[in-house]
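Numbering (the UniProt record's numbering), first residue to last: 1 to 572.
Even for Gly, the Cβ is constructed at its ideal location relative to N, Cα and C.
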């Protein structure tokens, strides 16, 4: 779908495949990334690459590597143990590249262990092009080429030179690169390789063989967007109130989150204006340059309208959720209260904390005290603090559900869709449970050098919680449904890797989908947890199926940088 739409607009390179791991729950681009786990991230992005490139459009994976925080990203030094890097962020890139062969890799803006990613010969020349044998080309991020020397470090193309001119006072691959070539500092063979890698990807993907293609079917694509939302929305908590089955005349209060207008979308370079434009664009950035960058974007799919469609016999009353007292008055008149809670997140900015902005926590707490049947629908790109959690009956994590999101939210609340999404990122109780309760450099002026030491290494997200023994608010992989499943007949076999087989049965009274997950723990008893595989299965009531998961051997191993290989600990 993405590749077909890009091609219809004349684009032959898609800057898709953002796959940095969610190391920090405040990172403004986590909504754009995929998960905190290297295997899950690689599996999902590989499918995206394959789909895009089947349309004759080159897909890019990015940002190589460790663009895991947005605060002053162009001046950030991401410090990590090299072996842990290979076992986490780099492993995600390695598996995705093996599976899908993207035509291009985009280097990150930040430094990695003191060297800018676009100039980092160890990462690009030794690992990516050397150890992995990658044959495509490496482009910079916009503003990510601090000097022509990046070409010696393995960068093949400068992108966004106009931003480089602002940040670094030079378009590095313009006159400086030409002068370096003329003076013999840039070898002819290296320049030829830069050109050859770009042409190779163009020929491999078929950019040179474009023929007329039918216009995209935007209605069909809207249905694809709806199905993605159906499979992605996560039911976090349910104490029996969902699904809603209102009798005629039942009163439903719908409160907050601009639910009368649309659903929230993230902002930044990944944003795509939907057909018909945005329902509303609300400035939230403050003064100066920030005011033009940070906005609350609402896609024209109104949850209030969709709920009215689903519950035609009920009486719905809306309150904007700005004043707690007014929201409480509406909630008291209702049999059920549905509160929409939102947060705008996007490129270039990290959040200060996990708190919902604009006094929404106070509104939710007040509504929950007034109505025992309160449902909260979260539209956030990151985990949120939930001081009101014990007071509400149900919590639905919709994230940023896309152009068909409101329709799907209503379908889930009404039970016409059985939720089956699972969390790709751990929801902590608070930032005190994370490796960095205080975000280094947050609030520093633009251009201030900063350093983040990713001391968790490869133990990101749920792996970090396994090492600390802390209990998160909602675990990685968590997600409830309106039915129940049972696992049986587990068999684990060894060999070159581990194969796990078992049965899954739908023991409830609704059809639904389950996502069984297999994890590795350490033989020695040391705290360790790694996702080895997962499978999505759809089952009717009483139906069962067999599942087989074969682990990638690297997920069983540790990387030995001194020996340059993966090692699996002895054991059985």
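query: If you run the structure through DSSP and keep just helix, strand and coil, what is residue 493?
result: strand
message: Bridge partners for residue 338 per DSSP, in chain order?
response: 254 and 375
- prompt: Quick one: what does DSSP say residue 218 is sitting in, helix, strand or coil?
  reply: helix
- prompt: If we ignore side chains and look at the alpha-carbon of each, how far apart do residue 469 and residue 428 end up?
  reply: 13 Å
message: Relative to the C-alpha of residue 148, which candidate in 162, 112, 186 and 51 has its C-alpha closest?
response: 186
field: Top-ranked residue by Cα proximity to residue 121, from 71, 154, 501 and 133
entry: 154
query: In its own chain, which residues sit with a C-beta less than 7 Å from the C-beta of residue 94, not counting the 5 before and 5 after it?
result: 132
query: At what residue ranges does the segment 476-542 contain a whole run of the beta strand (DSSP E), taking only runs of 3 or more?
result: 485-493, 499-506, 512-514, 517-520, 530-534 and 537-539
- prompt: Are three or more beta carbon pairs between the segment 467-484 and the segment 95-111 nearer than 8 Å?
  reply: no
task: Kindly list the residues whose CB is nearer than 7 Å to the CB of residue 143, restricted to its own chain and excluding five residues on each side of it in sequence; keep chain order.
output: 74, 109, 160, 163, 164 and 167
message: According to DSSP, simplified to helix, strand and coil, what is residue 238?
response: strand
- prompt: Taking three-plus beta-carbon pairs below 8 Å as touching, is the segment 397-412 in contact with the segment 229-249?
  reply: yes
query: Between the beta-carbon of residue 561 and the beta-carbon of residue 71, is there less than 7 Å?
result: no
query: Is DSSP giving residue 139 helix, strand or coil here?
result: strand
field: Cβ shell of residue 37 (< 6 Å), same chain only, five flanking positions each side left out
entry: 531
Whole-angstrom C-beta distance between residue 393 and residue 483, which should lie under 8 Å: No, residue 483 and residue 393 are not in contact; Cβ-Cβ is about 19 Å, not under 8 Å.
- request: Determine the DSSP secondary structure at residue 231, reduced to helix, strand or coil.
  value: helix
- prompt: Just the Cα atoms here: how many angstroms apart are residue 3 and residue 56?
  reply: 8 Å
message: I'd like the ranges of any alpha helix (DSSP H) spanning at least 4 consecutive residues and lying wholly in the segment 48-92.
response: 82-87
message: Can you give me the C-alpha to C-alpha distance between residue 371 and residue 389, rounded to a whole angstrom?
response: 14 Å
message: Could you check whether residue 385 and residue 426 sit closer than 7 Å to each other, using their CB atoms as the reference points?
response: no
Sequence-distant residues of its chain with Cβ nearer than 8 Å to residue 553 (five each side left out): 496, 497, 566 and 568
- prompt: Going by C-alpha distance, which of 256, 261 and 465 is nearest residue 362?
  reply: 256
task: Return the chain-ordered ranges of every alpha helix (DSSP H) run that is complete within the segment 273-356 and spans a minimum of 4 residues.
output: 289-293, 303-310 and 324-332
task: My understanding is that residue 487 touches residue 503, with C-beta atoms under 8 Å, so please give their C-beta distance in whole angstroms.
output: 7 Å
- prompt: How big is the Cα-Cα spacing for residue 247 and residue 311?
  reply: 9 Å
query: Quick one: what's got a C-beta closer than 6 Å to residue 443's C-beta in the same chain, skipping five residues either side?
result: none
- request: Look at the alpha carbon of residue 471 and the alpha carbon of residue 465, and state the distance between them as a whole number of angstroms.
  value: 7 Å
Any 3 or more C-beta pairs closer than 8 Å across the segment 10-17 and the segment 57-68: yes
C-beta contact flag for residue 329 and residue 337 at 7 Å: no
- request: With a floor of 4 residues, list each alpha helix (DSSP H) that falls wholly inside the segment 122-202, ordered by position along the chain.
  value: 161-168 and 175-182
task: Report all residues from its chain with a CB closer than 7 Å to the CB of residue 431; omit the five preceding and five following residues, and keep chain order.
output: 353, 354 and 437
- request: Would you check if the distance between the CB atom of residue 80 and the CB atom of residue 134 is smaller than 7 Å?
  value: no
Beta-carbon spacing of residue 381, residue 30 below 7 Å: yes
task: Could you check what DSSP says for residue 210 in three-state terms: helix, strand or coil?
output: coil
Contacting residues, own chain, Cβ-Cβ under 6 Å from residue 238 (five flanking each side not counted): 394 and 480
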